[in-house]
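> So the protein lines, in turn, are chains A and B.
All residue numbers for the first sequence refer to this note's numbering, where the first residue is 1 and numbers rise by one.
All residue numbers for the second sequence refer to this note's numbering, where the first residue is 508 and numbers rise by one.
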Amino acid sequence: MTRAQSRTDIGAVDVLPLVRLAGVTKRFGQVLANDGISLSIMPGRIKALLGENGAGKSTLMAMLAGRFQPDDGHIEVAGERVRFASPREAIAAGIGMVYQHFMLVENMTVAENVLLGQEGGFVLHPAAMRRKVGELAERFGLGIDPGARVGGLSMGERQRVEILKLLYRESQVLIFDEPTAVLTPVEAESLFTALRTMSAQGKAIVFISHKLEEVLSLADEIAILRRGRIEGEFLASEIESPSELARRMVGRDVVLDIKREAVVHGRQVLDVRHLSGPGLDDVSFDLKRGEILAIVGVAGNGQQQLVEVVCGLSRPDSGEVDILGQSWAKFFQSRDWKGALAWIPEDRAGLATCRTLNLTDNLLLTTRQGFAQGQWLERARARETAKGIVREHNVQPGNIEAQAWQLSGGNLQKFVLGRELYREPRLMVAEQPTQGLDVSATEAVWQRLLEARKTAGVLLVTGDLTEALTLADRVVVMFRGRVMGLFPVTDTAQVERIGSLMAGLKE
Amino acid sequence: MSPELIIALLAAAVQGAAPILFATLGEMLSEKAGVLNLGVEGVMALSAFAAFIVCHLTGSAVLGLFAGGFAGALLCGLHALVCQVFLGNQVVSGLALTIFGVGLSDFLGTPYVGVGTEGFRQFAVPLLSHLPMLGPVLFRQDAMVYLVYCAPVAVWFLLNRTSLGLGLRATGEMPAAAAAAGLNPQRLRAFGVMAGGFLCGLGGAYLSLAHTHLWSTGLSGGRGWVAVALVIFAFWRPGRAVIGALLFGGVMAFQLRLQAEGTNVPSSLLLMLPYALTVIVLVFSAARAKYLKTGHSAAPAALGVNIEPEG
């Protein structure tokens, strides 16, 4: 922390921010992705932008990078208002992005990638190009062979190429979108060293992350983004505990007033005992009919692996998983399409539906056995059913010939939910069911999940504490694949500690 | 076989290779930019006619050559328009271009069948033509053959030693990366397709101006398809295209010679020879690519994939 403290005064003296956001707002349809965001990005500082998936981080960065224009508010570069019409203009203004998915040409060398578009002359001199890039890499402590083909490089090395591209263009502000997501721990450590070197040379670094530890170890300043708003901004040296950060990141203010009738709990539908495997460490819990069990935690702490096991995508390594009273192997061997398991994946446009199929075909994706007559499909009946779902769940536009991609996220989610409920599941797995949805769609989804309790047990995986505490009977907190706590939401003492548990603190 | 015969055969092989090499390099340029152009056959046919008619009307072979080149560039510009502006399927558009080009050149050329042109005549290059073996094979040719000697070097230089070529290759591999670097992938692709079309057009012009010296239907005779296959055989490298083109030119010359000698082998079987070789060559290059296991394909990664507008 001494490093951060010795430099906290930089912001206090008369240094102009390189980039300033003033009340920047961005809407997508009804969804408010960014709501009046004001931030200052200072030279020589590392700013972390912390937030869950769907908090609006990527939208904010896309506006800085010139891919979107703000609906309201403005961006200032070195004190002057700017409006980026394209990424090119943002680059020219000294703002550079390193995306999660690298923009590199695999069949070209490191030097060619770095100098692409900046060759400085019509005729190329490969040796001089390699030398230039080599020197630049050395200056910022980014070890790399400029003559190597990018296709043969590791993810960490590719990221260095992306950084070199920005440095070569003399970007003053370098924005990293979840830079460690694709890196090994060792590579992440060397990235951090490089970021500190760049920051010491006066570059402003912004990095987006939802990993508390790396934010605390790297950042000078931390801004928390939640539901499109800045929830707080601190100097890293002011942070007392990671749990405070975690609690602020996921929040817990109730935004909707949902009536939650009590439902009598029935038989056990899911029983997980000592489940371990990749990303999972001795996980145990059970779920009964009439109950909603919320799995909460910062994304990437084993939730996805857990869902994959429960939904039959991956085999449990060790430990036991019983579904509807049957062992995992037996259940998935002879699974009924109806009256058993339904899953609402997080990726509703990719995993749950096919973009270019219409709603009837998307209905058939998981329910076709119900419409099969020998080798034939009863399409007329499927169309009627799809119409029924569209009507009952108020899916807009109310046209079953519409293709999945034509629906907004909220409407697509309502359709997916309707389809899965049509299967009359006794165990329902809902993954981030309201992520990115507007308020009315969120409310509709929540109501349906509560109704589903009458016939099913619901496993709700969510990064949104508000959602968990509104819907669930009991909560499981996960950290690094382990269950940190399992308690009813009425246990206020425990609920208060959720933030600490999510940060891995058990005290 | 006498030495004279061998030299004559080799010289004929070089002449046979010339139009194929022009077209192969043209297709390569287009594919390097990411656009598959299956219209080469039609482009060659129509530009052969354009070269012939301009040469016939003006009496200038050089004007005819440029007419062929520009006809090729224009026709490929149509392909670029369909694929890039209207996001049409590259395979379908290319096939349509072939049918269109072949058909139109036959239609327009019908009144001229059998009409001769002066075109390019062979001349000996001083000094070089006296080299043993190489002299008579390489340096007693026409001006377009001398031009084709420069083409692979020029294409290689453009692709590998100029910023334009770097942008072109980036566009063929990953248009998004090129756009992120501030380049205009659409414009680069259009350039690649049309410059490639110009080269294919030169290949067509060669057929009517230097190869036959008179107009007849079906001049392109499948050479455009051979060029498409040769790009794969060459692993998208100009140097290897030379080897491939010579191989085909050689087989074509050999086949013609055999026919002229009057062998017992049916002529239709002999005519088939170059195309049988095409199939064999494709199998061979696929096997080789598998053997080498370089971990990447030699084909440009975004070949055949249209650039979708963002949004």
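Think of the CB as a built atom: it goes at the ideal place given N, C-alpha and C, for glycine as much as any other residue.
1) Check for me: the beta strand (DSSP E) holding Pro633(B) runs from which residue to which?
2) For Lys288(A), report the span of its beta strand (DSSP E) as first-last.
3) Taking just the CA atoms, how far does Val206(A) sit from Gly703(B)?
4) Given a cut-off of 7 angstroms, decide if Ile400(A) and Gly418(A) are closer than it, judged by their beta-carbon atoms.
5) Would you call Cys657(B) buried or exposed, if buried means 16 or more other Cβ atoms sit within 10 Å of its Cβ?
6) Helix, strand or coil for Gly36(A)? Go by DSSP, reduced to three states.
7) In the structure shown, what three-state DSSP assignment does Glu106(A) receive?
8) By DSSP, does Gln369(A) sit in helix, in strand, or in coil?
9) If you reduce the DSSP assignment to three classes, tell me which class Pro816(B) lands in.
10) At a Cβ cut of 9 angstroms, what residues of the segment 113 to 128 of chain A count as close to chain B, listed as they run along the chain?
11) Which ranges does the alpha helix (DSSP H) cover as unbroken runs of at least 4 residues, wholly within the segment 317 to 375 of chain A, from first to last along the chain?
12) Helix or strand or just coil, what does DSSP make of Glu511(B)?
13) Within 6 angstroms: the Cβ of Tyr782(B) and any heavy atom of the ligand FMN?
14) Please report the distance separating the alpha-carbon of Asn358(A) from that of Pro433(A).
15) Count the other CB atoms within 10 Å of the CB of Ala661(B); is the residue buried (16 or more) or exposed (fewer)?
16) Would you say Gly818(B) faces chain A, with C-beta separation under 7 angstroms as the test?
17) With a threshold of 8 angstroms, are at least 3 pairs of Cβ atoms found where one atom belongs to the segment 185 to 192 of chain A and the other to the segment 149 to 159 of chain A?
18) For a contact defined as C-beta to C-beta under 7 angstroms, what are the partners of Thr770(B) on chain A?
19) Any C-beta of chain A within less than 8 angstroms: which residues of the segment 633 to 658 of chain B qualify?
20) By DSSP, does Arg676(B) sit in helix, in strand, or in coil?
21) Starting from Ile144(A), follow the beta strand (DSSP E) in both directions and report where the run begins and ends.
22) Between Asn508(A) and chain B, is there a C-beta pair that is closer than 7 angstroms?
23) Considering only residues of the same chain and omitting the five flanking positions on each side of Met706(B), which have a CB-CB separation below 6 angstroms?
24) Tell me the DSSP bridge mates of Ile46(A)?
25) Excluding sequence positions up to five away, which residues of its chain have a Cβ less than 7 angstroms from the Cβ of Arg260(A)?
26) My understanding is that Ile498(A) touches Val296(A), with C-beta atoms under 8 angstroms, so please give their C-beta distance in whole angstroms.
27) So, is the C-beta of Thr678(B) closer than 7 angstroms to a C-beta in chain A?
28) The beta strand (DSSP E) spanning Pro488(A) covers which residue range?
29) Going along the chain, which residues of its own chain have a beta-carbon closer than 6 angstroms to the beta-carbon of Ala805(B), five neighbours each way excluded?
30) Rounded to a whole number of angstroms, what is the C-alpha to C-alpha distance between Leu582(B) and Ser554(B)?
31) Put Lys26(A) into one of helix, strand or coil per three-state DSSP.
32) Here's a check: name, in chain order, each residue in its chain whose Cβ is nearer than 7 angstroms to the Cβ of Arg273(A), leaving out the five neighbours to either side.
33) Against chain A, does Gly689(B) count as a neighbour if the rule is that its beta carbon must be under 7 angstroms from one of theirs?
34) For a test of the three-state rule: what should DSSP assign to His637(B), helix, strand or coil?
35) Taking C-alpha atoms, which residue in Leu104(A), Ile46(A), Arg383(A), Ala62(A) lies nearest to Thr193(A)?
36) Closer than 9 angstroms, Cβ to Cβ, to anything on chain A: give me those residues from the segment 657 to 672 of chain B, in chain order.
Walking through what the data contain:
1) Premise fails: Pro633(B) is in no beta strand (DSSP E) and is neither H nor E.
2) Boundaries of the beta strand (DSSP E) around Lys288(A): 280 to 288.
3) Taking the straight line joining both Cα atoms gives about 44 angstroms.
4) no
5) Result: exposed.
6) strand
7) coil
8) The answer is helix: DSSP assigns Gln369(A) an H, G or I state.
9) In this structure, Pro816(B) counts as coil in the three-state DSSP scheme.
10) Asn113, Leu115, Leu116, Gly117, Gln118, Glu119, Gly120, Gly121, Phe122, Val123, Leu124, His125, Pro126
11) 328 to 333, 359 to 367
12) helix
13) The ligand FMN is not part of the structure shown, which contains no ligands of any sort.
14) 21 angstroms
15) Residue environment: Ala661(B) is assigned as exposed (fewer than 16 neighbouring CB atoms within 10 Å of its CB, all protein chains considered).
16) Confidence at Gly818(B) is low in this model, with a pLDDT of 43, below 50, so its placement is unreliable and the value that follows should be read with caution. No, no contact with chain A.
17) yes
18) By Cβ distance, chain A contributes nothing, its closest Cβ being about 46 angstroms from Thr770(B), past 7 angstroms.
19) none
20) helix
21) Per DSSP, Ile144(A) belongs to no beta strand (DSSP E) and is neither H nor E.
22) A question about residue 508(A) goes unanswered here, because the residues of chain A that appear run from 1 up to 507.
23) Here the sequence assigns Leu to residue 706(B), which means Met is not the residue at that position. Closer than 6 angstroms at Cβ, skipping near neighbours: Phe529, Leu532, Gly533.
24) Per DSSP, the beta bridge partners of Ile46(A) are Ile205(A).
25) Here the set comprises Leu450.
26) Going by Cβ atoms, the distance from Ile498(A) to Val296(A) rounds to 7 angstroms, so yes, they are a contact pair.
27) No, Thr678(B) does not count as interfacial toward chain A.
28) 482 to 488
29) So the list reads Phe742, Trp743, once near-sequence residues are dropped.
30) If you draw a straight line from the Cα of Leu582(B) to the Cα of Ser554(B), it comes to about 9 angstroms.
31) strand
32) For Arg273(A), the CB contacts under 7 angstroms within the same chain, skipping 5 residues up- and downstream, are Ser284, Gly319, Glu320 in chain order.
33) yes
34) Reduced to three states, the DSSP call for His637(B) is helix.
35) Ile46(A)
36) Phe664, Asn667, Arg668, Thr669, Ser670, Leu671, Gly672
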